[in-house]
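Novice: Below is a structure I'd like to ask you about.
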Ligand SMILES: CC(C)(COP(=O)(O)OP(=O)(O)OC[C@H]1O[C@@H](n2cnc3c(N)ncnc32)[C@H](O)[C@@H]1OP(=O)(O)O)[C@@H](O)C(=O)NCCC(=O)NCCS
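Numbering (our numbering), first residue to last: 8 to 224.
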């Protein structure tokens, strides 16, 4: 099995780690979760699993044959976090692509390197997931959507068809998005919102119907 390290900690990294281990119990044998990369608090373990090192140790782990997933993002600060990730120069072929076996995935879905699909997600025909895009538990992405690199599609959200979603976007829990819309880079749609109009770049929208709440940093 390919040994995977997840950049991040409790929260998105640990839920993905647990999904990988659950996939193994169901017979999947492509990836083995082996620990976290985390520079915070000098922690040696997170929820019982080892912190193998910090970001500075990544070149060594690349040499040692590890694969990687990234979860280090921030709603106000997506550009900086993506620049930080890019500065690590992890080769695309060393980014894992993890799809939990309970997800429904149409046969022609395209996965960018480092993309993740969590349990019970549904991804319909002709969807393209960008590099490091993450589709969380129970999220639904309808047909012909393009989801940009480093974009997060949170649990229970429902995306209509033919969306063009930019880079580093955060679609929050339980959102509903009308078909044929565009969401600009580094923008966030707040929890439970119903989006009926296009969103620009670096914008945070909220509510039903969703309206501009503020600009993102
Ligand atoms: C969009 C978001 C980032 C806004 O956070 P924030 O900037 O800290 O905003 P605040 O909580 O200070 O709220 C500011 C205003 O927006 C409103 N607001 C915040 N979130 C809202 C939402 N989801 N829907 C409607 N209004 C919302 C607040 O009521 C408040 O209004 P007020 O000024 O009239 O009192 C946050 O609500 C959100 O959705 N986070 C993502 C959560 C998520 O997806 N988590 C999944 C991770 S696993």
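From the three backbone atoms N, C-alpha and C, an ideal C-beta is built for every residue, glycine too.
Give the single residue among 108, 138, 216 whose Cα lies nearest to the Cα of residue 119.
Specialist: Sequence index remark: in the chain shown, residue 119 carries index 112 (1-based). Looking at the Cα atoms, 138 is the closest of the given residues.
Novice: Could you tell me the boundaries of the alpha helix (DSSP H) in which residue 17 lies?
Specialist: Translated into the one-based positions of the chain shown, residue 17 becomes position 10. Element bounds for residue 17: n/a, residue is neither H nor E.
Novice: Between which two residues does the beta strand (DSSP E) containing residue 210 stretch?
Specialist: As a first step, residue 210 must be located in the chain shown, where it is residue number 203. That run of the beta strand (DSSP E) goes 210–213.
Novice: Per DSSP, which residues does residue 165 bridge with? Please list them.
Specialist: Walking along the chain shown from the start, residue 165 turns up at place 158. According to DSSP, residue 165 bridges with 147, 183.
Novice: Check each candidate in 203, 178, 187, 202 and name the one with the smallest Cα separation from residue 193.
Specialist: On the chain shown, position 186 is the one that residue 193 refers to. Checking every option, the nearest Cα to that of residue 193 belongs to 178.
Novice: Quick one: what's got a C-beta closer than 7 Å to residue 106's C-beta in the same chain, skipping five residues either side?
Specialist: In the chain shown, the residue the question calls residue 106 occupies position 99. Cβ neighbours of residue 106 beyond the five flanking positions: 112, 124.
Novice: Is any heavy atom in ligand 1 found nearer than 6 Å to the beta carbon of residue 195?
Specialist: For the purposes of this step, residue 195 is taken as the residue at position 188 of the chain shown. Yes, ligand 1 has a heavy atom inside 6 Å of this Cβ.
Novice: Determine the DSSP secondary structure at residue 45, reduced to helix, strand or coil.
Specialist: In the chain shown, the residue the question calls residue 45 occupies position 38. In the structure shown, residue 45 sits in coil (DSSP, three-state: anything other than H, G, I, E or B).
Novice: Going by C-alpha distance, which of 191, 215, 216, 110 is nearest residue 223?
Specialist: Against the chain shown, residue 223 aligns to sequence position 216. It is 191 whose Cα lies nearest to the Cα of residue 223.
Novice: Can the beta-carbon of residue 96 be found less than 7 Å from the beta-carbon of residue 109?
Specialist: Position 89 of the chain shown holds residue 96. Position 102 of the chain shown holds residue 109. No.
Novice: Who are the near neighbours of residue 27 in its chain, counting only those whose CB is closer than 7 Å to its CB and skipping five residues on each side?
Specialist: Position 20 of the chain shown, counting from 1, holds the residue named residue 27. Result list for residue 27: 11, 38, 40, 105, in chain order.
Novice: On the DSSP bridge assignment, give the partners of residue 39 in chain order.
Specialist: The sequence position of residue 39 within the chain shown is 32, counting from 1. BP columns for residue 39 point to 10.
Novice: Counting only the same chain and skipping the five closest in sequence on each side, list residues whose C-beta sits under 7 Å from that of residue 16.
Specialist: Translated into positions along the chain shown, residue 16 becomes position 9. 43, 45, 47, 53.
Novice: Give me whichever residues DSSP pairs with residue 56 in a beta bridge.
Specialist: Here residue 56 is taken as the residue at index 49 of the chain shown, counted from 1. 53, per the DSSP bridge assignment.
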